[in-house]
Each structure stands twice: as C-alpha cells, then as structure tokens.
Amino acid sequence: MGVEPAGNIDLHIHTTASDGTCTPSEIIQMALEKGLGAIAITDHDTLAGTRAALAVQPPERLKLLSGVEISTAAPEGFPMAGSLHILGYGVDVNDGPLEQALVDLQHARDERIPKIVGLLNRAGLPISIADVMAMVVEGSAGRPHVAQALIHAGIARDVNDAFDRYLSKGQPGYVEKRRIPCRQAIALIRAAGGIAVLAHPYLAPGGQSEALADLLAALCDMGLQGIEAYYSRHTPANVALYLEMARRFDLVVTGGSDFHGDLIPDIQLGSGQGDLSIPYSVYEALVFKLAKQKAA
1250 MGVEPAGNID
1260 LHIHTTASDG
1270 TCTPSEIIQM
1280 ALEKGLGAIA
1290 ITDHDTLAGT
1300 RAALAVQPPE
1310 RLKLLSGVEI
1320 STAAPEGFPM
1330 AGSLHILGYG
1340 VDVNDGPLEQ
1350 ALVDLQHARD
1360 ERIPKIVGLL
1370 NRAGLPISIA
1380 DVMAMVVEGS
1390 AGRPHVAQAL
1400 IHAGIARDVN
1410 DAFDRYLSKG
1420 QPGYVEKRRI
1430 PCRQAIALIR
1440 AAGGIAVLAH
1450 PYLAPGGQSE
1460 ALADLLAALC
1470 DMGLQGIEAY
1480 YSRHTPANVA
1490 LYLEMARRFD
1500 LVVTGGSDFH
1510 GDLIPDIQLG
1520 SGQGDLSIPY
1530 SVYEALVFKL
1540 AKQKAA
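The sequence shown lines up with residues 1250 to 1545 when you count with the numbering used here.
Structure (structure tokens):
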C-alpha cells in the first residue's frame, strides 16, 4: 500500500522574492518539518520565488506548485481602496508575456518607493531610500519594507502601526500603486497554462456577503476559475459562503495562510493563526483541473 499524503497544504506563501522574510529554500525546509503535503510560492508580481523553490527540487513527499499573486485593478463598477489580488497556479514560469507583465509591475514598484520616501520626508519623518533598501533581502522594495524601516527607526511600533499612520490610503506616505486590469491578469495566467483564482475574497468588494456573487459573475466572464475559500483571516461563516459560491459558479477551491514570515508574525506556515487546516484533497482537485485544462 502507498503512503497516505500529508493532511495539510498551504498554497499562499510569500518569500524574500517579494515581501516575505524567509527564502524559498527555508520555506521548503519549514514545510517538510511541519509535514505539509503540498505548497505553492505566490510572491507578489514575480515568479522569482517559485523558480528558486523549483530549483531546490524538494523530496517527493512535498508537492510544489508554481504560483504568483498579481495586483490588479478591480472591474469597473466594483470600487475598492486597494488591489484586487489574483492568484495564478500551475503557470509556466518561463512564459514570456506573463514575465514581461510582471517585470513591468516590478519597475512600477521600484518607482513608487522614492515617491513614498519623499512624502514621508516632507511629513518630517527622517527615513531614507537606503534605510528601506537595507530591509530588502532580494527582489524589489515594497511598502512592507518601508514599514520595516519605520519600525527600525523607532517611528512605528509594528507593521500595522506603520500602515495605519503612514502608508495606507489617506496617510502622509501613501502613493497609488500601478495595477493591471484584472481581465489582463486572468488572461495572462490562463495563456501561461495556469488557473486564475480570486485571492482572500473577504477583502474584495462585497466580499463578506451575498453581494460577492456580482463580482464573481463579472470575473467568471473574464475567465476566473477559482476562489481562495480557506484563508487565515476567513471566519467559518466566510468559508461557508465561499464554498457555496464555488459550487454556484463552478470554481475550484484553493486555500493558504498568506505566510510572510516575521513581517506578519501572527500567521504561521500551514496553520495561519493556529486553526487553519486545508486538506490535501484541495491540492488534488486543483491539479486535476490543471491537467484537464492542459489536455483540452
């Protein structure tokens, strides 16, 4: 008889390639120590973390799925303060059009940091671009790295405090982020052989009520294929709603912790805030949909 796969998976993980504090190889080691059966690296607007993880070639008992989390503009008629995040699973990490779009987003991210620092300086905060870059292990700097620099300088207590007082919309250091249309992100993911999934729907417009159906209908018309029902900050009521929405719109269900390492210390790999448990069958259903899609 074969060995039964591990019970838990985590398909939403960030590394030092974006705004996490653990390297891809460290993530793999942690996942093995925790007995996870499958993981996906889903760094913001880059496939670098996934590529690095794939290069490690983890043992057979840990399945590794390619992934990315793309910052998009919500569809017209669904206003929201920040980005609508679309996860891409099983994408070809060497797909040219997807990689070019992600490189463009990285360049926009690089241009955003000096503007943020300039605004903070005008507000009287003694922070420099060098201070921010000192927080970056690899990849591009983002607002979480600015938050870390503010903490290091004694200006903010923690990441939440840094965002609440200085970096969120309406605060002195906020600079609008460049986002690609969600339709374009979904098309790029699918053209790269992947499955496009709505990330942490509780943050989406109408995301904690029946109103989410309107957004999902619009996204499904664009080619959305999945919904992240299991997530660290989803309540049991949230999960029940998203599972029902998945059935209604014929969406594959995914789940993950949104692990960032020390940046968000209350979220742990594989278990979120301690009560997250995503069954291996979720990974199997996602892989089955990927295989079916590639065979079509």
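The beta-carbon is built from N, C-alpha and C at its ideal position, and this holds for glycine as well.
If we call anything under 8 Å between Cβ atoms a contact, is residue i one with residue j?
i	j	result
Leu1260	Ile1277	no
Ala1411	Ala1396	yes
Cys1431	Pro1346	no
Leu1285	Gly1316	no
Asp1413	Ala1398	no
Ala1266	Ala1301	yes
Leu1492	Val1501	no
Val1340	Gly1443	yes
Tyr1532	Ile1258	yes
His1334	Ala1448	yes
Lys1426	Ser1332	yes
Leu1354	Ile1429	yes
Would you report the Cα separation of residue i and residue j, rounded to the nearest angstrom?
i	j	result
Gly1251	Ile1516	The predicted position of Gly1251 is uncertain, since its pLDDT is 36 and thus under 50; a value taken from the coordinates is nonetheless stated next. Using only the alpha carbons, I get a separation of about 33 Å.
Glu1309	Gly1373	53 Å
Ala1383	Leu1512	15 Å
Glu1275	Thr1299	13 Å
Thr1272	Ile1262	11 Å
Ser1458	Pro1375	43 Å
Asp1268	Val1385	8 Å
Arg1392	Ala1350	20 Å
Lys1312	Gly1367	44 Å
Pro1254	Ala1402	Because Pro1254 carries a pLDDT of 47, less than 50, the predicted location of this residue cannot be relied on, and no value is offered for it.
Ser1389	Arg1358	7 Å
Leu1518	Ala1280	7 Å
Thr1270	Ile1290	13 Å
Leu1296	Tyr1451	25 Å
Arg1496	Ile1438	22 Å
Ile1527	Leu1490	16 Å
Thr1321	Cys1469	15 Å
Met1329	Ala1453	7 Å
Phe1508	Pro1514	9 Å
Ser1530	His1394	35 Å
I'd like the span of the beta strand (DSSP E) that includes residue i, first residue to last.
i	result
Tyr1479	Gly1475 to Tyr1480
Thr1503	Val1501 to Gly1505
Quick check on residue i: does DSSP put it in helix, strand or coil?
i	result
Val1424	coil
Ile1435	helix
Pro1324	coil
Gln1517	strand
Ala1445	strand
Leu1461	helix
Pro1450	helix
Asp1259	strand
Ser1526	coil
Is residue i near the ligand NAP - that is, is its Cβ less than 7 Å away from at least one heavy atom of it?
i	result
Ala1545	The model on display carries no ligand, and the ligand NAP is accordingly not part of it.
Residue range of the alpha helix (DSSP H) that residue i falls in?
i	result
Ser1232	Residue 1232 is absent from the structure shown; the chain starts at 1250 and stops at 1545.
Phe1498	Pro1485 to Phe1498
For this session: Scan the segment 1263 to 1320 and note each continuous alpha helix (DSSP H) run of 4 residues or more that stays entirely inside, going in chain order.
Result: Contiguous alpha helix (DSSP H) elements confined to the segment 1263 to 1320 occur at 1273 to 1282 and 1297 to 1305, taking only those with 4 or more residues.
For this session: With a floor of 4 residues, list each alpha helix (DSSP H) that falls wholly inside the segment 1328 to 1415, ordered by position along the chain.
Result: With a minimum length of 4 residues, the continuous alpha helix (DSSP H) runs that stay inside the segment 1328 to 1415 are 1345 to 1371, 1378 to 1382, 1392 to 1401 and 1408 to 1411.
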